[in-house]
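S.K.: Residue numbers (our numbering), protein chains in the order written: chain A, 1 to 153; chain B, 154 to 435. Take this structure first; my questions come after.
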Amino acid sequence: MALALAPLEEHPFLRGLSPAQVKAIACEVREESFPAGALLLREGDEARTLFLLRTGRVSLELNIPGQGPRQLESLKGGDILGLSWLFPPYRWHLDARAVEPVEVFALDAACLRGPSPEHPVLEPALAMRLVRQLYERLERVRMQRLDLYKGGA
Amino acid sequence: MSTGALSTAQPMAPVPLRVRSLRRESADTFTVSLDVSGRPGGFPFQPGQFNMLYALGVGEVPISISGDPGRPGELLHTIRVVGSVTEALRRVGRGGWMGVRGPYGRPWPLEEARGLDVVVVAGGLGLAPLRSVILHLLRHREAYGRVSLLVGARSPEGLLYRRELARWGKDPRLKVLITVDQAGPEWKEHVGVVPALLRDMALDASRTVALMCGPEVMMRFTVRELERLGVPDTRIHLSLERNMKCAVGFCGHCQLVPFFVCKDGPVLPYDRLRPFLHVREV
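Printed below as a string of C-alpha cells:
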C-alpha cells in the first residue's frame, strides 16, 4: 500500500503556520507530478509558481553554451523550488529537472508576492521563511565555491 | 599510539618495502600496494592510522592506510600528488622501493561505537582513511546499528574507489549517499555540499557516532549540522591533517595547542577539539 503524502500544512516550509496564514499563502495551490527527466521550470520562462517538493529529487541546472547542462545543486522532498517570482522580471534563471519522479505542491505566486487588494503585503511569516531558505542556500553556495576538495595530500 | 608493526627501537628508520602494484584512482590520485608478504603477520594496523612513506632521496610524507584491517597481508595507501614527494612516490613503479615507518596515530574509536549507529562522513581524499573503517564495519556488521556513508567530492571524476562505492551502494547493510560540487546531466546522485546530505538521514542522535575526515572547513560545517541534529560532541570524531614530520611527537611540527596531531591524533573527539578548531593562527 502506498504511503499517503503529507498534506500541505505539514510541508516543512509551512509547518507551524496558523491555518489562516497557510490559507493566505496558498490561496491557489495545485498538486502536480513530474516523471524522471521532466523539467519543472525552464530558464527564461515566466516565473509564477513556488514549488514545495513533497517527494523525489530535482536538479538545478544551468546550460552552458558549448558545454551543455551542468548540475549545480540537488533539491529534494521537504525543500522549496523557485524564487524568481519574487522580483521583476519574473523569469526563471535556471532549469529544474526531475532526477526521479517528483510530487509537488505548486503555489500561485500571485497569492504570495502582493500587493493586491486581497494580499496587500508579503506575509511576514512567509518572508522570514524565504529569507531562511535563501540564507541556507547562500551558505551552501559559499562552501561549493571554496572548491574544498582540490588540494590535500 | 603505535602498534609497533615496524621497528620501535629506531622510530625514525624507514623499512624498505617493494611496490606490488599501483592503481590510478583519479587524474591526480593513485593507490599503491606494498609487498609485506615477507613479514610474519603481514602489517597489522588499526583503521585511522597512518604511515610515513619515504620516496628514496626525496622526502617523507604521512599517508593514511586505506586497506582492510582484517587483511594485514595487504598494505594499501591512497596518495594524491600535491608536491615533489608525492610525485616521486608516483614515479616509483611496480617492483620499486618505498621506505615505510609506522603505523602511527590514534585510530577511529570503533570499539566505543559498538552497538551504536555509525555515520561515516568523507570529503575528497578523506575517504581513504575511512575506507578501512567501512571494511571493518562490514566485516563486523552485527556489532553495530545502522551504518551510513556520506561522501563528497569535487566532481564524479574526482571520486575515489568508484567501483567499490557502486558496490557498497547496492549493499543493504550500508546506506551510501554521494554528492559532488558540480556534475553533468548524466550524474544521478546528489549535487551540493556534504552537510546537506545529513538532512536526508533519519538520525537517532541519542545512539549515533559520527566519524569524519575531509577538508577542515567541510568538517566544521558538518559538525554544526550534526550538533543541530543533537549528536553529542563527545561522539563526533574528526581525523585531522597537520604538518607531520617525525610522527612520534618529537619535532612539534604538527602541534595543535595541547595536541601533537601525529601522536594524540590524527583522530580526536570534537569535544576536545572544539576550542581550537575555530581559533586562527594556532
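No residue lacks a Cβ here, since even glycine has one placed at the ideal position from N, Cα and C. All figures in this text were calculated on a predicted structure; none of them were measured in a lab.
Use the C-beta contact count for residue 213/B: other C-beta atoms within 10 angstroms, 16 or more gives buried, fewer gives exposed.
M.R.: Flag for residue 213/B reads buried.
S.K.: Determine the chain A residues that contact residue 374/B at a beta-carbon separation under 7 angstroms, and present them in chain order.
M.R.: Per Cβ cutoff of 7 angstroms: 143.
S.K.: Within 7 angstroms (strictly less), CB to CB, does residue 181/B reach chain A?
M.R.: Not an interface residue.
S.K.: Less than 7 angstroms between C-beta atoms, sequence neighbours within five positions excluded: which residues of the same chain meet that for residue 22/A?
M.R.: Within the same chain, residue 22/A has close Cβ partners 8, 9, 14.
S.K.: Closer than 8 angstroms by beta-carbon distance: list the chain A residues that pair up with residue 419/B, in chain order.
M.R.: None at all; the shortest Cβ gap to chain A is about 12 angstroms.
S.K.: Of the residues that make up the segment 38 to 60 of chain A, which ones have a beta carbon closer than 9 angstroms to any beta carbon in chain B?
M.R.: Per Cβ criterion, the list reads 57, 59, 60.
S.K.: Would you say residue 73/A lies against chain B (beta-carbon separation less than 7 angstroms)?
M.R.: Yes, its Cβ sits closer than 7 angstroms to a Cβ of chain B.
S.K.: Is it true that the segment 245 to 264 of chain B meets the segment 193 to 203 of chain B, where meeting means three or more beta-carbon pairs spaced less than 8 angstroms apart?
M.R.: The segment 245 to 264 of chain B, when compared against the segment 193 to 203 of chain B, does touch it at the 8 angstroms Cβ threshold.
S.K.: Pick helix, strand or coil for residue 366/B, following the three-state DSSP scheme.
M.R.: In this structure, residue 366/B counts as strand in the three-state DSSP scheme.
S.K.: Taking residue 429/B as part of the alpha helix (DSSP H), name the residues at either end of that continuous run.
M.R.: Run containing residue 429/B: 423 to 430, per the alpha helix (DSSP H) assignment.
S.K.: Could you have a look at residue 238/B and say whether DSSP puts it in helix, strand or coil?
M.R.: It is helical.
S.K.: Does residue 124/A come out as helix, strand or coil in the three-state DSSP assignment?
M.R.: Here residue 124/A sits in helix by DSSP.
S.K.: Helix, strand or coil for residue 215/B, going by three-state DSSP, please let me know.
M.R.: If DSSP states are grouped into helix, strand and coil, residue 215/B belongs with the strands.
S.K.: Check whether the segment 352 to 359 of chain B touches the segment 141 to 149 of chain A, taking contact to mean three or more Cβ pairs, one atom from each stretch, closer than 8 angstroms.
M.R.: No: fewer than three Cβ pairs fall under 8 angstroms.
S.K.: Flag residue 83/A as yes if its beta-carbon sits less than 7 angstroms from any beta-carbon of chain B, otherwise no.
M.R.: So, not an interface residue.
S.K.: With 8 angstroms as the C-beta to C-beta threshold (strictly closer), list the residues of the segment 349 to 370 of chain B near chain A in chain order.
M.R.: Cβ contacts with chain A: 349, 352, 353, 367, 368, 370.
S.K.: Please state if the CB of residue 360/B and the CB of residue 290/B are separated by a distance shorter than 7 angstroms.
M.R.: Against a cut-off of 7 angstroms, the Cβ pair of residue 360/B and residue 290/B comes out as no contact.
S.K.: Within 10 Å of its beta-carbon, does residue 64/A have 16 or more other beta-carbons around it, so buried, or fewer, so exposed?
M.R.: By the neighbour-count rule (16 or more Cβ atoms within 10 Å), residue 64/A is not buried but exposed.
S.K.: Which residues, taken in chain order from the segment 84 to 101 of chain A, show a beta carbon closer than 9 angstroms to some beta carbon of chain B?
M.R.: Listed in sequence order: 97, 99, 100.
S.K.: How is the alpha helix (DSSP H) around residue 349/B delimited, first residue to last?
M.R.: 347 to 350 is the extent of the alpha helix (DSSP H) around residue 349/B.
S.K.: Can you confirm whether residue 334/B, when its beta carbon is compared against all beta carbons of chain A, has any partner nearer than 7 angstroms?
M.R.: Interface residue, yes.
S.K.: Assuming the contact rule is C-beta atoms closer than 8 angstroms, residue 91/A and residue 39/A should be a hit. Round their C-beta distance to whole Å, please.
M.R.: Contact flag wrong, Cβ pair sits at about 15 angstroms.
S.K.: Quickly, what does DSSP pair residue 276/B with across the bridge? List them, please.
M.R.: Paired residue(s): 305/B.
S.K.: Taking the alpha-carbon positions, what's the residue 425/B to residue 233/B distance?
M.R.: Their Cα atoms are separated by approximately 29 angstroms.
S.K.: Would residue 105/A and residue 52/A be called neighbours here (beta carbons separated by less than 7 angstroms)?
M.R.: Going by C-beta atoms, residue 105/A is nearer than 7 angstroms to residue 52/A.
S.K.: Under 7 angstroms, do residue 169/B and residue 305/B count as touching if we go by C-beta distance?
M.R.: Contact: no.
S.K.: Whose Cβ in chain B lies nearer than 7 angstroms to the Cβ of residue 65/A?
M.R.: Here the premise fails: no neighbours, minimum Cβ distance about 15 angstroms.
S.K.: Anything in chain A within Cβ reach of residue 402/B, meaning under 8 angstroms, just list it in chain order.
M.R.: The premise fails here: residue 402/B is roughly 20 angstroms from chain A at the closest Cβ pair, so nothing lies under 8 angstroms.
S.K.: Check whether the segment 23 to 31 of chain A touches the segment 72 to 87 of chain A, counting contact only when three or more Cβ pairs, one atom from each stretch, lie closer than 8 angstroms.
M.R.: With the cut-off at 8 angstroms, the segment 23 to 31 of chain A and the segment 72 to 87 of chain A do not touch.
S.K.: Taking a contact to mean a Cβ-Cβ separation below 7 angstroms, would you say residue 72/A touches residue 62/A in this structure?
M.R.: Yes, they are a contact pair.
S.K.: So with Cβ pairs under 7 angstroms, would you call residue 148/A a contact of chain B?
M.R.: So, interface residue.
S.K.: Between residue 55/A and residue 11/A, what straight-line distance do the alpha-carbon atoms span, to the nearest angstrom?
M.R.: So the two alpha carbons sit approximately 11 angstroms from each other.
S.K.: Taking all protein chains shown into account, do 16 or more other C-beta atoms lie within 10 angstroms of the C-beta of residue 131/A, making it buried, or fewer, making it exposed?
M.R.: Its Cβ having fewer than 16 others within 10 Å, residue 131/A is exposed.
S.K.: Secondary structure at residue 60/A, three-state DSSP: helix, strand or coil?
M.R.: Here residue 60/A sits in strand by DSSP.
S.K.: In the structure shown, what three-state DSSP assignment does residue 105/A receive?
M.R.: DSSP places residue 105/A in strand when its eight states are reduced to three.
S.K.: Comparing the CB of residue 194/B with every heavy atom of the ligand NAD, is any distance shorter than 6 angstroms?
M.R.: Absence of the ligand NAD from the depicted structure is noted, as is the absence of any ligand whatsoever, leaving it without description.
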